[in-house]
Structure formats: structure tokens, C-alpha cells
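Per this note's numbering, the sequence shown runs over residues 31 to 154.
We put the beta carbon where it would ideally sit given N, CA and C, even for glycine.
Keep in mind that this is a model prediction, so the values were computed, not measured.
Notes follow once the structure below has been shown.
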Amino acid sequence: MVKAIHKPPARVRYEQSHPTVSCRLDGDTHELLKQRLEDLGGISFADFVRDSLGILQLKMPDVEEIKETAWGEGYDRAEKDYQICYFCAECGEQIVMKPNSDSHKAMIGFMKENGWGHKSCHGE
Numbered sequence: 031m032v033k034a035i036h037k038p039p040a041r042v043r044y045e046q047s048h049p050t051v052s053c054r055l056d057g058d059t060h061e062l063l064k065q066r067l068e069d070l071g072g073i074s075f076a077d078f079v080r081d082s083l084g085i086l087q088l089k090m091p092d093v094e095e096i097k098e099t100a101w102g103e104g105y106d107r108a109e110k111d112y113q114i115c116y117f118c119a120e121c122g123e124q125i126v127m128k129p130n131s132d133s134h135k136a137m138i139g140f141m142k143e144n145g146w147g148h149k150s151c152h153g154e
């Protein structure tokens, strides 16, 4: 004879107030459901059902907000990787060289006067 599994009273009450719901889906529908849950921010199946019933209002990801965030992150990364800085001769603090600023024009002039160029142009 199989011995019954003991469940604490709190577990019994929880299972009574939260009954299990299940269904069978074909493979394509199951994949579509998984993709939809992921598209909604990785929500649970239970939250998806609640939203479908109007009990929970999920926020769809805002495409423009995502684009703006990605653009900002890309800009910040490019700025960090490509900006040119030099140090003040008086106080030693870092100065960021802005395009077409006086310091940028001076750098271009210095490089031109001192023969800076492509390696291939110098025969290297």
C-alpha cells in the first residue's frame, strides 16, 4: 500500500485557492507562445493569462524608447572610444578636444606642419 504524501495545511489551502491549469499545444503554437512571453519581457504564463483576461495590464515594450536607449548607449561608447583629450599645461586637468574647436584646428595644423600622414604615403 502506497503511503500518502503529507502536505502542510498552508500548502493544502494554497492549492485549493490557486488551482492548476494546463493545456496541450502543438509544437509551433508552443514556440509562438514562448516567443510572445519573451517579447513581453519574459513574463510568466500565469501573467500572460491574467493579461489576456484583463486582470493584469502588461506594458508592451516601447520600440522608440528601446531605440533611444540603444542610440544613447552607442553614442556614449563611441565618445569614450574615440574622443581626443589632452591635459592643461597650467593645472593638468583633462580637456576634451571638440571637433572644429581652436585646439582641434591647432592639432591639424601641427600635424600638417610636421609631416604627419598615412604610412603608405610615407613609403612605409
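Have a look at residue i and residue j and give me their C-alpha separation to the nearest angstrom.
| i | j | result |
| --- | --- | --- |
| Ala119 | Glu98 | 38 Å |
| Gln46 | Ala108 | 56 Å |
| Ser52 | Glu103 | 42 Å |
| Gln113 | Ala100 | 19 Å |
| Thr59 | Glu95 | 29 Å |
| Asp10 | Val42 | Examination of residue 10 is not possible in this model, given that the chain is present from 31 through 154 alone. |
| Gly72 | Asp106 | 27 Å |
| Gly147 | Gly122 | 29 Å |
| Ala40 | Val93 | 43 Å |
| Gly139 | Lys149 | 19 Å |
| Ala76 | Gly84 | 12 Å |
| Asn144 | Asp111 | 26 Å |
| Gln65 | His36 | 38 Å |
| Ser82 | Ser131 | 57 Å |
| Pro38 | Tyr44 | 10 Å |
Can you tell me which residues form a DSSP beta bridge with residue i?
| i | result |
| --- | --- |
| Phe117 | Gln124 |
Thinking C-beta only, is residue j closer than 9 Å to residue i?
| i | j | result |
| --- | --- | --- |
| Phe78 | Leu67 | yes |
| Pro49 | Asp69 | no |
Near residue i, what residues of its chain come up, given a Cβ to Cβ distance below 8 Å and the 5 sequence neighbours on each side ignored?
| i | result |
| --- | --- |
| Ile125 | Cys115, Tyr116, Phe117, Cys118 and Ser133 |
| Met137 | Ile114 and Met127 |
How is the alpha helix (DSSP H) around residue i delimited, first residue to last?
| i | result |
| --- | --- |
| Ser131 | Segment: none, Ser131 is in no alpha helix (DSSP H) and carries neither H nor E. |
| Arg43 | Pro39 to Ser47 |
| Leu63 | Gly57 to Asp69 |
| Lys33 | Unbroken run through Lys33: none, as it is neither H nor E. |
| Lys97 | Val93 to Tyr112 |
| Val51 | Counting along the chain, Val51 falls outside any alpha helix (DSSP H), and DSSP gives it neither H nor E. |
| Ser82 | Phe75 to Ser82 |
Just to confirm my understanding: we take residue i, look at its own chain, exclude 5 residues before and 5 after, and list those with CB closer than 6 Å. What are they?
| i | result |
| --- | --- |
| Lys33 | none |
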